[in-house]
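> A single structure is presented below for examination.
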Amino acid sequence: LQNEVPDAVNAAAARAARDGGAIVVLNAAPARHLGPELLDNIDVLVVNRVEAEMMSGAVVKDAQTAELALPALGAGSRDIIITLGGEGLVLQSKSGSPVFLAPHAVKVVSTHGAGDCFLGALAAKLADGNTLEDSCGAANRAAASFVAMNEAERGFADFTAL
Numbered sequence: 173l174q175n176e177v178p179d180a181v182n183a184a185a186a187r188a189a190r191d192g193g194a195i196v197v198l199n200a201a202p203a204r205h206l207g208p209e210l211l212d213n214i215d216v217l218v219v220n221r222v223e224a225e226m227m228s229g230a231v232v233k234d235a236q237t238a239e240l241a242l243p244a245l246g247a248g249s250r251d252i253i254i255t256l257g258g259e260g261l262v263l264q265s266k267s268g269s270p271v272f273l274a275p276h277a278v279k280v281v282s283t284h285g286a287g288d289c290f291l292g293a294l295a296a297k298l299a300d301g302n303t304l305e306d307s308c309g310a311a312n313r314a315a316a317s318f319v320a321m322n323e324a325e326r327g328f329a330d331f332t333a334l
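Residues in the sequence shown are numbered consecutively from 173, following the numbering used here.
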């Protein structure tokens with residue numbers, strides 16, 4: 173799910189997905205307040221720095237400050253991923269401790285669509301039964317590969333092996 177549709181639609185979709193046994197992933201972009209009806213039905217919350225700051229009230233500049241925002245984002249009640257662009261990401265599973273995943277050094281062609289690539293790879297890996305950390309690692313590699321490609325290469329890319 174993502175925030176370009178009304179909160180009530182996301183909440184209904186989240187409930188239906190959970191009732192069907194699916195893992196519910198919310199990309200909280202664009203940043204906005206999220207109601208409890210939606211948040212209570214989210215398994216994985218994905219935010220970038222801006223969204224993490226808005227939702228937690230904490231300034232998120234790097235991995236260390238991202239970790240400080242985790243409790244306010246619901247760590248312990250859902251899995252949380254805070255993406256930091258070219259600085260990697262911080263994740264915390266519902267029952268685990270914060271983990272930092274370093275970025276992959278690539279020559280960036282364009283960052284346009286990197287978040288969508290990350291989320292698609294993340295959702296696919298989670299749906300295949302991978303752990304949150306393994307899924308984030310694969311999504312991190314996919315997004316790094318994606319930003320290093322030009323438009324033509326992106327159209328023929330296969331991220332399934334990541």
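Here a beta-carbon is modelled for each residue, glycine too, at the ideal position from N, C-alpha and C. Values in this document were obtained by computation on a predicted structure and should not be read as measured data.
Is the beta carbon of residue 175 less than 8 Å from the beta carbon of residue 202?
yes
> In terms of residue numbering, what span does the beta strand (DSSP E) encompassing residue 220 cover?
216-220
> What three-state label does DSSP hand residue 203 in the structure shown?
coil
> Exposed or buried, which one is residue 192 when buried takes at least 16 other CB atoms within 10 Å?
exposed
> Whose C-alpha, out of 240, 289, 313, 288, is nearest the C-alpha of residue 276?
313
> Using a Cβ-Cβ cut-off of 6 Å (strictly less than) and excluding sequence neighbours within five positions of residue 208, which residues of its own chain qualify?
none
> So, helix, strand or coil for residue 194, using DSSP?
coil
> Identify the continuous alpha helix (DSSP H) that holds residue 242 and give its terminal residues.
No alpha helix (DSSP H) holds residue 242; DSSP gives it neither H nor E.
> Note down the Cα distance separating residue 235 from residue 260, rounded to an integer number of angstroms.
8 Å
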